[in-house]
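These protein sequence lines map, in sequence, to chains A and B. Per the working numbering, residue 1 is the first one in the first sequence, and the count goes up by one each step. Per the working numbering, residue 280 is the first one in the second sequence, and the count goes up by one each step. Shown next, in structure tokens, is the structure this report addresses.
2 protein chains.
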Amino acid sequence: MNITIVGLGLIGGSMARDLKSQLNVRVKGVDTSAHHSRLAGELGLVHEMVNLNDGLNGADIVILAVPVDKIEEMLPDILNHTSAHTTVVDVGSTKSEMCRAVEGHPHRSRYVAAHPLAGTEYSGPEAAIRGLFTGKKNIICEPEKSNEQILNTALALFESLGMNTLFMAAEEHDKHLAYVSHLSHVSSFMLGLTVLDIEKDEKQIFELAGTGFASTVRLAKSNPATWSAIFGKNQKYVLEALNSYIAHLSGFRDRLEEGNLAAAQQLMAASNDIKRILH
Amino acid sequence: MNITIVGLGLIGGSMARDLKSQLNVRVKGVDTSAHHSRLAGELGLVHEMVNLNDGLNGADIVILAVPVDKIEEMLPDILNHTSAHTTVVDVGSTKSEMCRAVEGHPHRSRYVAAHPLAGTEYSGPEAAIRGLFTGKKNIICEPEKSNEQILNTALALFESLGMNTLFMAAEEHDKHLAYVSHLSHVSSFMLGLTVLDIEKDEKQIFELAGTGFASTVRLAKSNPATWSAIFGKNQKYVLEALNSYIAHLSGFRDRLEEGNLAAAQQLMAASNDIKRILH
């Protein structure tokens, strides 16, 4: 089985590590960044680094693991240059615009729109780790538009990484992810910026940062290029989630400003209900 | 050495566990909640649960570990009812208003205003754990207003818990903590509420919650009574931090709405600088 991974960052690199250890799998890597190419080679993430043409040639599976705007850009052309026996799968964090971009493509059925729900706040080939996907969920959108055999190949791929796949409409995926993933990143990025701002005047403030701050601000270490692409491609739902978040924060601020601590406490008690979901 | 802890929740209970294991220390507990009193007894957090009068009587150290509004309420009267040999120390998360409440008190010198920077998102006697304070920082405010021997007793107390104490003006403490601790809690509480709100319509949304969401929303499990008291007693600086946070979020929202992804990316890149502080 020949697998080519385009993009050897956190996600592509971690998939490479796990896949390369499987029997009878040969993993080729493609990365337009010379620095990442060299690193991926040095770290032994893949059997060999090649250019895109050599990567597509003879591949059973092509995995697109570059930023979501780049996936959308490359996808039509890659479908043009792969055979009917090649499964093309992407692992981007947004799905609607990507699916729309290949809607009428003559080879649409060779493509599987996927999103493995896994990651860390680190990025680049150095961030690639074994077992990142084990026990996590994978989402496949528009499964009915993929050829049955192509879809089964993709399902087997994610199962071999230890993932459990759910099917979901692309629009539904993007809406839900805006709330349970994308919003957390905006919240963290802006929390980091707020605290860095005050630090300009108050040098020793970080002496006092505890585990609570570390936890809420962790995602602010994430890759800005990856995330600006995600926010751009999921603009509608990220804005919806972000506006709702700002409205809740402003309401809380108003209660605090009025000195209405009972109302503020009620809001926090309602939020405690999150215990029901996260144990 | 007789130590009395008033309030056997997460902080008081955890101190009790560590102190009770020390040689020649006898720990008495006081808690106005019958449920917490019973639990603290059953869990063996203290040698005995007593009423407040019996707790103050003959105590070498009295530790106040109730919500900050209650500490402020109780403190003057407790200073009236303890002898010159008793060190009264509080462990509340705000310090300015509390210090002001005992500013002219004839026994002010018997009191040490402290804040051990440690905690988890859990609360109550069941949340009390060994070693919560080990290797963490403790802050003491207005050390010059405590009698030297009293201050040394408090310093020895926190050192015995494995803490490193810093001195700081009360006002400065409250301002810094608003940014590196209190704001994180508001951010988390309101993130939880935002996502619970959308969940009313979208039942399966939490299927998709990953480790990123878990991390940013963790503090939303915290005790609402504890935190509404903290926000009330640190109103000025929490409002300052929260307004700055809302302004940053709104600016980011505006960039996204305009489709100015380059500007959004620049904000995230600036926030990445948080790596400098959190490794």
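Where a beta carbon is used, it is the ideal one built from N, C-alpha and C, also for glycine.
Checking the DSSP bridge columns, you'll see B/His394 partnered with B/Ile418. For B/Glu537, the closest alpha carbon among the candidates A/Val89, A/Arg276, A/Leu239 and A/Ala170 is that of A/Leu239. Taking A/Gly12 as the centre and dropping the five residues before and after it, the same chain places the C-beta of Ile5 and Ala65 closer than 6 Å to its C-beta, in chain order. Under the three-pair Cβ rule at 8 Å, the segment 219–228 of chain A counts as touching the segment 537–555 of chain B. If you check each beta-carbon in the segment 78–98 of chain A against every beta-carbon of chain B, none falls closer than 7 Å. B/Asp369 sits in a strand when the DSSP states are folded into three classes. The beta carbon of A/Val217 lies closer than 6 Å to those of Ser188, Leu191 and Gly192 in the same chain, with the five residues before and after it left out.
Within its own chain, the residues whose Cβ lies closer than 8 Å to the Cβ of B/Gly337, once the five positions on either side in sequence are excluded, are Asn281, listed in chain order. Cβ atoms of B/Ile408 and B/Arg296 come within 8 Å of each other, at about 7 Å. The Cβ atoms of A/His182 and A/Ala241 lie closer than 8 Å to each other. Comparing alpha carbon positions, the residue from B/Ala457, B/Leu335 and B/Arg389 closest to A/Ile205 is B/Ala457. Contact between A/Cys99 and A/Ala170 holds, since their C-beta atoms are separated by about 5 Å, short of 8 Å.
Taking all protein chains shown into account, A/His35 has fewer than 16 neighbouring C-beta atoms within 10 Å of its C-beta and is therefore exposed. In this structure, the beta-carbon distance from B/Pro404 to B/Leu322 falls below 8 Å. In the structure shown, B/Val347 adopts helical secondary structure according to DSSP, grouped into three states. With a threshold of 16 other beta carbon atoms within 10 Å, A/Ser146 meets it and is buried.
When C-alpha distances from B/Ile556 are compared across B/Leu331, B/Leu335, B/Pro385 and B/Val459, the shortest belongs to B/Val459. Counting every other CB atom within 10 Å of its CB across the protein chains shown gives B/Thr311 a total below 16, marking it as exposed. Leaving aside the five residues that flank A/Ile150 on each side, the residues in its chain whose CB is nearer than 7 Å to its CB run, in chain order, Thr87, Ser109, Arg110 and Val112. When the Cα atoms are used, B/Ala435 and B/Ser293 turn out to be separated by approximately 17 Å. At a cut-off of 8 Å between beta-carbon atoms, B/Thr473 makes contact with chain A. Spatial neighbours of A/Phe231 in its own chain (CB-CB distance under 6 Å, excluding positions within 5 residues in sequence) are listed in chain order as Val238. For A/Thr165, the enclosing beta strand (DSSP E) begins and ends at Asn164 to Met168. Within a 10 Å sphere around the beta-carbon of B/Pro385 sit fewer than 16 other beta-carbons, which makes this residue exposed. Against B/Gly511, the close residues of chain A are Leu261, in the order they occur along the chain (beta-carbon pairs closer than 7 Å). By the C-beta density criterion, B/Asp356 is exposed, having fewer than 16 other C-beta atoms within 10 angstroms. If you draw a 10 Å sphere on the C-beta of B/Phe412, you find 16 or more other C-beta atoms in it, and that means buried. The continuous stretches of alpha helix (DSSP H) do not include B/Arg387, and DSSP gives it neither H nor E.
The beta-carbon distance between A/Ser160 and A/Gln22, rounded to whole angstroms, is 6 Å. This is short enough to meet the 8 Å contact definition. Here DSSP, grouped into helix, strand and coil, assigns A/Glu48 to strand.
Cβ atoms of A/Asn234 and A/Thr94 come within 8 Å of each other, at about 5 Å. Distance from B/Ala526 to B/Leu535 at the Cβ level is roughly 15 Å; contact not present, criterion being Cβ atoms closer than 8 Å.
At least one beta carbon of chain B lies nearer than 8 Å to the beta carbon of A/His176. Taking 9 Å as the upper bound on Cβ-Cβ separation, chain A lies near no residue of the segment 326–338 of chain B. Nearest neighbour of B/Glu352 by Cα position, chosen from B/Ile340, B/His364, B/His326 and B/Val381, turns out to be B/Val381. Interface criterion not met: the Cβ of B/Asp533 is under 8 Å from no Cβ in chain A.
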